[in-house]
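Residue numbers (numbering that gives the first Met the number 0), protein chains in the order written: chain L, 0 to 505; chain V, 0 to 74. First comes the structure, then the notes that go with it.
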Amino acid sequence: MVRNILEYLEAMAKRLPKKTAFSSAEGNLTFLELEQTAKKIGTYLLRFGGKNCPMAVMMQKTPLSVAAFLGCVYSGNFYTPIDVTMPKERILSILNTLQPGVLLIDEKSQKQASALEYTGEIVVLEEILETKVEEEKLAQIRQNAIDTDPLYALFTSGSTGVPKGVIISHQSVINLTEWYTEAFHITEQEIIGNQAPFYFDSSVKDLYAVLKTGAQMDIIPKMLFSFPIKLLAYLEEKQINYIDWVPSALCIVANTGALENIRPSALRKIMFCGEAMPTKQYNMWKEKYPDALFANIYGPTETTVDCTYYIVDREFADDEPLPIGYGCRNTDVFILNGDRLAQQGESGELCVRGRCLALGYYNNPEKTAEAFIQNPLNPHYPEKIYKTGDIAKYNERGEIVFLARKDHQIKHMGHRIELGEIETAVNSIDLIENGVCLYDEVTQRIVLFYCGEAEQAYILKKLRDKVPKYMFPNVMIKMEKMPQTLNGKIDRLALKEYYDREHQNS
Amino acid sequence: MEALMRILTELRPDVDFEGNKELVDGGELDSFDIVSLVGELCEEYDIEIGADDIVPENFNSVEAIWNLVQKLQED
């Protein structure tokens, strides 16, 4: 039984030492190189002591950053990828929650790191690559490791403005990897075209599929996702045959008609996750790839990337939503209406049970207790379930269909965003009296209503220091005053009606 | 040209467009911006921007975007 994800790596380093594991414009790493580099990093990190302690990795997206993650694991600790382009305040908020033993950076992220004025330990990766591996010490750490030890923490948007660190164990990732490499027949023949950033949990699948099966993962330059023709030419050049992308990326390709010009010939498996895949754009892809495997995958970070999936096995009209399907292997997904199971056709909250459950939110017992609760269907012994906050129902075929969110969480360009986090940031700007955000699902725009003296350029300039670019409002509407409900709260419904009226014709 | 500047500043009031030759390569415009911009340009100038024209070279500066618009208006 696999207890630690490093066992995957070590098996591959023996079986396929010279095969490329990870590639990018910056360079490649073979399985053997990856193992050796990770061990060097792991050995160096031993000096920061600790067991199951957080370590933050803020690097460019390169094969070397994968070695850094695994190096943290070799040292007996867990990793948190941090996006270099994230605003300073948000990075500091994450580091404040984590209190990491060390912040690992690379030469290219040195400038951003020094701008943080972070006072903890910082290590530049390129400077420790000559470390002599201490096999005995690493082996001893492994000896004491168990599969419920944490592997990584990923931060998601929090409504109060403080991101939450979802903490995931080895067993959850092993549970996931064993299932989907089998379900999607991933082998060493696969060349995975990676889109998902490392701070986004979809990348976890790409990464561990490589370690488990000997496949290769190519990191596609981010810039290409703005330019469909170049992107498709790249897939052709690299002979990429497997992609698991956020729907926004697939939609840009479909909408620009780029597939009419270039049809990458090697592509066989096309998966999407992170937000709802619009059926119209799915059909445009399907038309070009009638024989490819298409799968719609769903899951919050708290359930280790995926908890349901649907392999598209029938025709769908453009206005018919793709179901999210069925629970993944060894994962129980059910819909609760109050404290009882929903009937077919009845909507309720999607809940999850199984090894996929996160260990909780790091240093946040309150939020953990709210989302991970005792199974209301089982009063007999302790058993945790995760409440996703997503409303879903079973269709007449018994497939799960996603309907809506329970709260103010949205999916925008594949990013999970709490509108409250944007509001908190906006309301902290000096010339703003108050601000409220809505999401326009149709045009996929974040709409900000605000009162105050601030000009729009001023708002965005201020937001640059506080929230990532993908949280920027796309439309800003200045109000004389906010509509209020009877009990004095801002009337979001009235704002929505106002917006719909004003924008009906645009 | 005036309309183009208006579209750009409305899209990203926080970006200094004038004289910037690396709007894409420098990371100022991301894929959401490019998609929105393409939509706005098509509407404003009554042109069609095909996938062939959606390449970084055509979006790296105000001049490049303007040249693209003019080229497509002539077609």
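Built from N, CA and C at the ideal position, the CB exists for glycine as well.
The alpha-carbon of leucine 437 of chain L is positioned some 52 Å away from that of glutamine 139 of chain L.
DSSP places arginine 463 of chain L outside both helix and strand once states are collapsed to three, so it counts as coil. For the region 35-54 of chain V, residues whose beta-carbon sits nearer than 7 Å to a beta-carbon of chain L comprise Gly49, Ala50, Asp51, Ile53 and Val54. L:Asp439 is the residue among L:Asp439, L:Phe401, L:Tyr469 and L:Asn362 whose C-alpha sits nearest the C-alpha of leucine 494 of chain L. Methionine 85 of chain L counts as buried, since at least 16 other C-beta atoms from the protein chains shown sit within 10 angstroms of its C-beta. Burial check for serine 264 of chain L: the Cβ neighbour count within 10 Å stays below 16, so the residue is exposed. Restricting attention to L:Gly192, L:Leu358 and L:Arg463, the CA atom closest to the CA of serine 23 of chain L is found in L:Gly192. Under the DSSP assignment, aspartate 331 of chain L falls in the beta strand (DSSP E) whose first and last residues are 330-336.
The alpha carbon of glutamine 98 of chain L has as its nearest neighbour, out of L:Gln111, L:Gly119 and L:Val83, the alpha carbon of L:Gly119. Judged by their CB atoms, valine 56 of chain L and isoleucine 90 of chain L are not nearer to each other than the 8 Å cut-off. Here the region 198-214 of chain L makes contact with the region 173-188 of chain L; the two share three or more CB pairs at distances below 8 Å. Leaving aside the five residues that flank threonine 61 of chain L on each side, the residues in its chain whose CB is nearer than 6 Å to its CB run, in chain order, Ser23 and Glu25.
Secondary structure of histidine 169 of chain L (DSSP, three-state): helix. Between the C-alpha atoms of alanine 257 of chain L and tryptophan 284 of chain L there is a straight-line separation of about 11 Å. Boundaries for aspartate 290 of chain L: no alpha helix (DSSP H) harbours it, and the DSSP string shows neither H nor E there. DSSP places threonine 19 of chain L within a strand segment (E or B) once states are collapsed to three. In this structure, isoleucine 173 of chain L lies away from alanine 357 of chain L, with their beta-carbon atoms at least 8 Å apart. Glutamine 280 of chain L is outside the set of residues whose beta carbon lies under 8 Å from a beta carbon in chain V. Asparagine 282 of chain L carries a helical assignment under DSSP once its states are collapsed to helix, strand and coil. Within the same chain, Glu56 and Asn57 come within 8 Å of alanine 63 of chain V by CB-CB distance, once the 5 residues on both sides are set aside. Non-local beta-carbon contacts of valine 68 of chain V in its own chain, meaning distances under 8 Å to residues more than five positions away in sequence, involve Leu3, Leu40, Tyr44 and Ile46 in chain order.
Counting C-beta atoms within 10 angstroms of its own C-beta, methionine 11 of chain L has 16 or more neighbours from the protein chains shown and is therefore classed as buried. Non-local beta-carbon contacts of methionine 412 of chain L in its own chain, meaning distances under 7 Å to residues more than five positions away in sequence, involve Ser247 and Tyr469 in chain order.
Beyond the five residues adjoining it in sequence on each side, alanine 37 of chain L comes within less than 6 Å, by CB distance, of Ala66, Leu69, Gly70 and Tyr73 in the same chain, given in chain order. Glutamate 432 of chain L carries a strand assignment under DSSP once its states are collapsed to helix, strand and coil. For the region 54-65 of chain V, the set of positions with a beta-carbon nearer than 7 Å to some beta-carbon of chain L reads Val54 and Pro55 in chain order. Residue range 408-411 is occupied by the beta strand (DSSP E) that includes lysine 410 of chain L. DSSP places cysteine 350 of chain L within a strand segment (E or B) once states are collapsed to three.
Ranked by Cα distance from glutamate 1 of chain V, the first of V:Glu73, V:Asp74 and V:Trp65 is V:Trp65. Under DSSP, tyrosine 73 of chain L forms no beta bridge with any residue. Its chain contains Phe315, Ala316, Asp317, Asp318, Glu319, Pro320 and Leu321 as the residues whose beta carbon lies nearer than 8 Å to that of threonine 278 of chain L, once the 5 sequence neighbours on both sides are disregarded; these appear in chain order. Think of a sphere of 7 Å around the beta carbon of glutamine 455 of chain L: the chain V residues whose beta carbon falls inside it are Pro12, in chain order. Sequence-distant partners of tyrosine 7 of chain L (beyond 5 residues in either direction) whose C-beta falls short of 8 Å from its own C-beta, in its chain, are Val1, Thr176, Tyr207, Leu210 and Lys211. Counting every other CB atom within 10 Å of its CB across the protein chains shown gives tyrosine 117 of chain L a total of 16 or more, marking it as buried. For methionine 412 of chain L, a Cβ of chain V is located within less than 8 Å of the residue's own Cβ. The C-beta of asparagine 143 of chain L has fewer than 16 other C-beta atoms within 10 Å across all chains shown, which makes the residue exposed.
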